[in-house]
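Asker: Quick note: the sequence shown uses our numbering, first residue 35, plus one each step.
My structure is below; once you've seen it, I'll send some questions.
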Amino acid sequence: MTKVLIVIVNYNGLTYLRDCLESLAVINYLAGQSAVLVVDNASTDGSVDYLKKDWSKIKLIENQSNIGFAAGNNIGLEYAGSNGFDYAYLLNQDTVVDPSFLAQAVALAQTDSQIAAVQSKLLLYQDKTKINSLGNEIHYLGFAFAGGYKLTDYPLAAREITYASGAAMLLKVPILKEVGFFNPDFFMYHEDVDLGWRLWLSGYKVVLAPDSIVYHKYEFSRSIKKYYYMERNRYLVMLQNYKLATLILIFPAWLVMDLALLFYSFFAGFWRQELSVCFYFFSLKNWAKIITTRRRIQKNRRLSDCEVIKRFVGKIEFQDLKNPLLQYLANPIFNFYWLIIKKIIWW
């Protein structure tokens, strides 16, 4: 029998937990073959008391501090690995699942031993006819965005995707032990980008299970704190996963993009965070960690950059980020550069 651990990292998610857990209580997966683990990151909103009172049969791990989304999920993955689970399903606290979501995801994962990660079709909870993600996209400069966002839902077949959203992702535990869990240094944001990239580099597949449905109470937000982690982690995924020759080739576009972002940050009010990202990379201690992680990833790679980057894009196409500068200036310029250098990268 295939045992699955459903892992939910909770941080002040009291308003979401009831709907999420009630939907999990009626899934139609094989009896006794699934369990739910909530990893709480020192919530202060009464989440833990609620879980202990109303969901006492659910396994609960309480952290003494907010260790972040990446490290919180790693605790769940470690628990799955040490307790005989074949799969771990990582689920956001702000989701509601279809009864067959788990059975459909596992069924697809079992069709191919090289499938390491399966993303469910994510639909917007607020409008269940609209898509949240059909698998996420990676821009060659490290940006990432949800594929199919806000399109009207439509039938489609299972397919390979660039990376799976951390909101609803099934992972094969033995493969994760080999490739490595989330990078805890990311804290939050882009940890799923990094994992998907590493899975492809290691020769494994990431796929979408269109018949596995999860509804996401997603709201796009621009916060200063979020910006710091997204920008810093964007740098990290490129520095750790690209080959050196590829980094050199994309550097001109990277430099132009980041100078433009720095200039824009002074008008948008997040220049302190932009500079904080730069200062992070002035630390020799941080560079030592980056180099150590990079060496491990490059040592374990089985695919070349020219094979992996076929999945990357040169345009940022995300509904909530549409503006004339992006659409008519940045996207055409950076996409043109990408079309050129893709033909050069043979390594």
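Ideal placement from N, C-alpha and C gives every residue a C-beta, glycine not left out.
Fair warning: this is a prediction, and the values are worked out from it, not measured in the lab.
Mind checking whether L55 and D79 have CB atoms under 8 Å apart?
Answerer: No, these two residues do not count as a Cβ contact at 8 Å.
Asker: Whole angstroms is fine: what's the gap from A198's alpha carbon to L39's?
Answerer: Near 18 Å, if we compare the C-alpha coordinates of L39 and A198.
Asker: So, for Q307: in the same chain, excluding its five sequence neighbours on each side, which residues have a beta-carbon less than 6 Å away from its beta-carbon?
Answerer: Counting only Cβ-Cβ distances below 6 Å, and skipping sequence neighbours, we find I258, Y261 and Y262.
Asker: Hey, would you say R268 sits closer than 8 Å to G200, going by beta carbons?
Answerer: No, the Cβ-Cβ distance between R268 and G200 is not below 8 Å.
Asker: Counting along the chain, where does the alpha helix (DSSP H) carrying V227 start and finish?
Answerer: V227 -> alpha helix (DSSP H) spans E225 to L235.
Asker: When the Cα atoms are used, what is the spatial distance from K162 to I247?
Answerer: Approximately 10 Å between the Cα atoms of the pair.
Asker: Please state if the CB of Y121 and the CB of A105 are separated by a distance shorter than 8 Å.
Answerer: Not a contact, by the Cβ cut-off of 8 Å.
Asker: Three or more C-beta pairs under 8 Å: does that hold for the region 275-294 against the region 155-175?
Answerer: Flag = yes, the region 275-294 and the region 155-175 touch.
Asker: With a threshold of 16 other CB atoms inside 10 Å of the CB of V241, please say whether the residue is buried or exposed.
Answerer: The residue in question, V241, is buried, as its Cβ has 16 or more Cβ neighbours within 10 Å.
Asker: Cα-Cα, which of V140, Q67, Q361 and L125 is closest to K206?
Answerer: Considering only alpha carbons, the answer is V140.
Asker: Would the region 129-138 and the region 220-231 be scored as touching if the rule is three or more Cβ pairs under 8 Å?
Answerer: No: fewer than three Cβ pairs fall under 8 Å.
Asker: Thinking just about the alpha-carbon of each residue, which of A322, M272, Y238 and R52 is nearest to the one in K87?
Answerer: Among A322, M272, Y238 and R52, the Cα nearest to that of K87 belongs to R52.
Asker: From this set, F346, W231, I350 and L278, which residue's C-alpha is nearest W381's C-alpha?
Answerer: W381 has its Cα closest to that of L278, out of F346, W231, I350 and L278.
Asker: Using 8 Å as the threshold, is the region 226-240 in touch with the region 184-199, meaning 3 or more CB pairs across them?
Answerer: These segments touch.
Asker: My assumption, with CB atoms under 8 Å, is that S167 sits in contact with A180. Please give the rounded CB distance.
Answerer: With a Cβ gap of about 4 Å, S167 and A180 count as contacting.
Asker: Evaluate the contact criterion for the region 66-82 versus the region 92-109: three or more CB pairs, one atom per stretch, below 8 Å.
Answerer: The answer is yes - the region 92-109 touches the region 66-82, with three or more Cβ pairs under 8 Å.
Asker: I'd like the span of the beta strand (DSSP E) that includes E96, first residue to last.
Answerer: Start and end: K93 to N97.
Asker: Can you give me the C-alpha to C-alpha distance between S90 and Y50, rounded to a whole angstrom?
Answerer: Straight-line Cα distance between these residues: approximately 17 Å.
Asker: Would a C-beta distance cut-off of 8 Å place Y238 and D339 closer than the cut-off?
Answerer: No. Outside cutoff.
Asker: Just curious, the alpha helix (DSSP H) that P208 is in, first and last residue?
Answerer: Run containing P208: V207 to V213, per the alpha helix (DSSP H) assignment.
Asker: Contact check, L157 vs I149 under 8 Å by CB: the rounded distance?
Answerer: With a Cβ gap of about 22 Å, L157 and I149 do not count as contacting.
Asker: Can the beta-carbon of N44 be found closer than 8 Å to that of V70?
Answerer: Going by C-beta atoms, N44 is not nearer than 8 Å to V70.
Asker: My guess is that L94 and V41 are in contact by the Cβ rule of under 8 Å, so how many angstroms apart are they, rounded?
Answerer: With 8 Å as the limit, L94 and V41 do not qualify as a contact, their Cβ atoms being about 12 Å apart.
Asker: Tell me which residue opens and which closes the beta strand (DSSP E) that T129 is part of.
Answerer: From DSSP, the beta strand (DSSP E) with T129 extends over T129 to V131.
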